[in-house]
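2 protein chains.
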Amino acid sequence: MSNRPPPGQMFATNLDKEVLEEGEIFAPSFDENGLIPTITMHAETFEVLMFAWMNEDSLAKTLKSGEAWYWSRSRNELWHKGATSGQIQKVTEIRTDCDQDVVLLKVIPQSPGACHVGYNSCFYRSIQMNDDGTARLMFEETEKVAK
Amino acid sequence: MSNRPPPGQMFATNLDKEVLEEGEIFAPSFDENGLIPTITMHAETFEVLMFAWMNEDSLAKTLKSGEAWYWSRSRNELWHKGATSGQIQKVTEIRTDCDQDVVLLKVIPQSPGACHVGYNSCFYRSIQMNDDGTARLMFEETEKVAK
Chain E
6 MSNRPPPGQM FATNLDKEVL EEGEIFAPSF DENGLIPTIT MHAETFEVLM FAWMNEDSLA
66 KTLKSGEAWY WSRSRNELWH KGATSGQIQK VTEIRTDCDQ DVVLLKVIPQ SPGACHVGYN
126 SCFYRSIQMN DDGTARLMFE ETEKVAK
Chain X
6 MSNRPPPGQM FATNLDKEVL EEGEIFAPSF DENGLIPTIT MHAETFEVLM FAWMNEDSLA
66 KTLKSGEAWY WSRSRNELWH KGATSGQIQK VTEIRTDCDQ DVVLLKVIPQ SPGACHVGYN
126 SCFYRSIQMN DDGTARLMFE ETEKVAK
């Protein structure tokens, strides 16, 4: 079996489970909305910076351009990360998971503050337990690095 | 405004945007299926091990027990990671993101091989480009560490 998708297509589809998990054919699985979850980590610090979604077009654009493109569910449009903020993410590696329904990007951000709130990472708060069994948040990043 | 959820509830709900992003109240946002995306990374190596989903019950169990509980979408049931495989994940930290609709777990796996295929991480393959513009996978982990 070839490890290439059909002529004219960038990605394969409909692999059986063994080929999907153990093979070298890339057949990304998009959900019922045509989206795939995407985890973005800093290539050098390994910090998880953000979580977003891609559609087939943003995945193709990311692979071809070497910069992160997502799908904005709130704006319902392609989103070239950093196009307006300057927060371009240069992609150093892309991985997928065992059943090829998640994408992991390793990136070098071109300026600090991946999160729109102004922190380096969107995951700037940890979850802590109160004595009464309820949960609260604690800031792990205390200073904003971007507007 | 108190940083506690209403009496009898572990989590708050329906915060306005500023309190959600800038505050200390934990109000996890579950999707239309009652699930929240969960990224699991190794607390020491920072390697992203897996991506899964939690419902409200698995999140509560994870917070209370200090071990990772997920929601299996394929089996449609609560999933105490490692209960059958021995791959228990001790949680050292839990974070959430800016709009509180993603969870990030830092864990110490109690035995190697977080992925059911046998690799340390589910993200054992990178995506590479062929000369003709199609994509293929390349194994970044070459040896299985678990059955």
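Going down the list, the protein sequences come from chains E and X. For the first sequence, the residue numbers in our numbering are 6 to 152. For the second sequence, the residue numbers in our numbering are 6 to 152. Beta carbons are placed, not taken as given, at the ideal position from N, Cα and C, and that holds for glycine.
Supposed close pair E:Leu68, X:Met134 - CB separation, criterion 8 Å: 6 Å
Per DSSP, cross-strand counterpart(s) of E:Val112: E:His47, E:Val96
Check whether E:Val168 and E:Ile44 have beta carbons under 9 Å apart: It is not possible to answer for residue 168 of chain E, since the shown part of chain E is limited to 6 through 152.
Whole-number beta carbon distance between E:Ile30 and E:Trp58, since they are thought to touch under 8 Å: The Cβ separation is near 23 Å, so there is no contact.
Range covered by the beta strand (DSSP E) that runs through E:Ser126: Unbroken run through E:Ser126: none, as it is neither H nor E.
Contact with chain E by X:Phe51, beta-carbon distance below 9 Å: yes
Short CB-CB distance (under 9 Å) between X:Met55 and chain E: yes
Segment contact flag, the region 91-105 of chain E with the region 116-131 of chain X, C-beta cutoff 8 Å, min 3 pairs: Taking one beta carbon from each stretch, the region 91-105 of chain E and the region 116-131 of chain X have 3 or more pairs nearer than 8 Å; the two touch.
Contact under 9 Å by Cβ, E:Val53 with X:Leu109: yes
Proximity winner among X:Lys22, X:Gly91, X:Thr18, relative to X:Ala32 (alpha-carbon distances): Checked all of X:Lys22, X:Gly91, X:Thr18; the closest Cα to X:Ala32 is X:Thr18.
Any C-beta of chain X under 9 Å from that of E:Ser77: no
Exposure label - E:Gln14; buried when at least 16 CB within 10 Å: exposed
E:Gly91 burial status per 10 Å Cβ neighbour count (16 or more: buried): exposed
Cβ shell of X:Asn60 (< 6 Å), same chain only, five flanking positions each side left out: Cβ neighbours of X:Asn60 beyond the five flanking positions: Gly39, Leu40, Trp76.
Option nearest X:Thr168 by Cα separation, candidates X:Val122, X:Arg141, X:Gly138: One cannot answer for residue 168 of chain X here, as it falls past the ends of chain X, which runs 6 to 152.
X:Arg80 at chain E interface by Cβ criterion, 9 Å: no
Neighbouring residues, chain E, relative to X:Gly138 (Cβ below 8 Å): Met15, Lys69
9 Å Cβ cut-off: residues of chain E touching X:His85: Chain E residues near X:His85: none, gap ~19 Å exceeds 9 Å.
Three-state secondary structure (DSSP) of E:Glu72: Judged by DSSP in its simplified three-state form, E:Glu72 adopts strand.
DSSP three-state assignment for X:Leu54, whether helix, strand or coil: strand
Classification of E:Arg141 by the beta-carbon crowding that lies within 10 angstroms, buried from 16 upward: buried
X:Ser63 (DSSP reduced to helix, strand or coil): helix
E:Glu82: first and last residue of the uninterrupted beta strand (DSSP E) it sits in: 82-85
Beta-carbon separation (whole angstroms), E:Ala88 vs E:Val112, contact threshold 8 Å: Not really, about 15 Å apart at Cβ, beyond 8 Å.
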